[in-house]
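For the sequence shown, full-length UniProt numbering begins at 1 and goes up steadily by one.
Right, one structure below, let's go through it.
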Amino acid sequence: MPLFKTSTEWYEQSSLLLQARPTTARITSKYTVLKPIPSKIAKREKYAAKRETKSNTAPNTGSPPPTSSNLQDPSEPSVTFTLKTFDPVSGVCLQYQTTKAAEVGRLVGSLGRLGRHMAALPEAMEDVTTSVDKPGEAVSTPIVEKDKPLGGAAPEAKAAGGGGKKKKKGKK
Numbered sequence: 001m002p003l004f005k006t007s008t009e010w011y012e013q014s015s016l017l018l019q020a021r022p023t024t025a026r027i028t029s030k031y032t033v034l035k036p037i038p039s040k041i042a043k044r045e046k047y048a049a050k051r052e053t054k055s056n057t058a059p060n061t062g063s064p065p066p067t068s069s070n071l072q073d074p075s076e077p078s079v080t081f082t083l084k085t086f087d088p089v090s091g092v093c094l095q096y097q098t099t100k101a102a103e104v105g106r107l108v109g110s111l112g113r114l115g116r117h118m119a120a121l122p123e124a125m126e127d128v129t130t131s132v133d134k135p136g137e138a139v140s141t142p143i144v145e146k147d148k149p150l151g152g153a154a155p156e157a158k159a160a161g162g163g164g165k166k167k168k169k170g171k172k
């Protein structure tokens with residue numbers, strides 16, 4: 001079971017697997033939040049202290065030394081997001097795991113594009129404004145008038161009644 005280092009590699013390989021076997025291949029996602037155990041907290045604190053002393057003795061290479069805000073707080077829970085693409089017929093299992101919160105949203109959004117292969121839909125959305133059958137003819141779409149009131153009243157009634165608030169002018 002290969003564990004990919006980047007999400008783009010996982011996405012490309014999963015896309016190929018789903019194109020090859022759209023009816024049997026499945027994608028699963030798992031979001032895990034682990035509460036830290038006291039022994040793990042002590043281990044992380046020891047590692048962080050060791051890392052700080054090591055960076056203080058090392059010569060300055062132009063990059064600032066890691067601060068305590070850059071390191072993970074040992075008492076915070078560790079969170080992982082795992083994506084697996086599995087095909088039981090061929091036995092192929094592609095896996096990607098991340099701890100970055102910003103990447104989770106992007107990956108969940110990409111699952112919809114991967115699911116298009118499983119639903120036998122085309123990869124790219126077709127433009128609905130032009131017709132494929134008749135190249136010179138366009139499909140009409142309704143145009144929403146912004147000045148027209150939603151209640152169905154005529155615009156003349158609003159002009160005659162006056163009833164709106166006036167903008168306040170700033171002091172000069």
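All C-beta atoms, glycine included, are put in the ideal place defined by N, C-alpha and C.
Euclidean distance between Cα positions of residue i and residue j
{"i": "VAL79", "j": "GLN97", "result": "10 Å"}
{"i": "ALA25", "j": "LYS50", "result": "45 Å"}
{"i": "THR53", "j": "GLU9", "result": "36 Å"}
{"i": "ARG21", "j": "ILE27", "result": "12 Å"}
{"i": "ALA42", "j": "LEU94", "result": "34 Å"}
{"i": "MET118", "j": "LEU18", "result": "7 Å"}
{"i": "LYS15", "j": "SER7", "result": "The sequence given here has Ser at residue 15, not Lys. Approximately 12 Å between the Cα atoms of the pair."}
{"i": "LYS171", "j": "ALA102", "result": "45 Å"}
{"i": "residue 174", "j": "GLN13", "result": "Residue 174 cannot be examined here, being either before or after the span of the chain that is shown, 1 to 172."}
{"i": "LYS5", "j": "LYS165", "result": "59 Å"}
{"i": "VAL92", "j": "TYR11", "result": "14 Å"}
{"i": "LYS169", "j": "PRO36", "result": "58 Å"}
{"i": "LYS100", "j": "ALA120", "result": "31 Å"}
Neighbourhood of residue i by C-beta, 8 Å cutoff - its chain only, sequence neighbours within 5 removed
{"i": "PRO122", "result": "ARG116"}
{"i": "ARG106", "result": "SER7"}
Buried or exposed (CB count within 10 angstroms, at least 16 for buried), residue i
{"i": "LEU3", "result": "exposed"}
{"i": "THR23", "result": "exposed"}
{"i": "THR85", "result": "buried"}
{"i": "LYS167", "result": "exposed"}
Residues near residue i in its chain [Cβ-Cβ closer than 6 Å; skip 5 each side]
{"i": "LEU81", "result": "Residue identity check: residue 81 is Phe in the sequence provided, not Leu. Excluding residues within five positions, the ones whose Cβ falls inside 6 Å are TYR31, THR98 and VAL104."}
{"i": "LEU83", "result": "SER29 and TYR96"}
Spatial neighbours of residue i in its chain, beta-carbon cut-off 7 Å, leaving aside the 5 residues before and after
{"i": "LEU34", "result": "PRO77 and SER78"}
{"i": "ASP87", "result": "LEU17, ARG21, THR24 and ALA25"}
{"i": "PRO38", "result": "none"}
(request) Please list the segments of the alpha helix (DSSP H) lying wholly inside the UniProt domain "SRP9" (4-118), counting only runs of 4 or more residues, in order along the chain. (result) List check, alpha helix (DSSP H) in window: 7-20, 38-57 and 101-118.
(message) Any contact between the stretch 44-54 and the stretch 106-120? By contact I mean 3 or more CB pairs, one from each, below 8 Å.
(response) no
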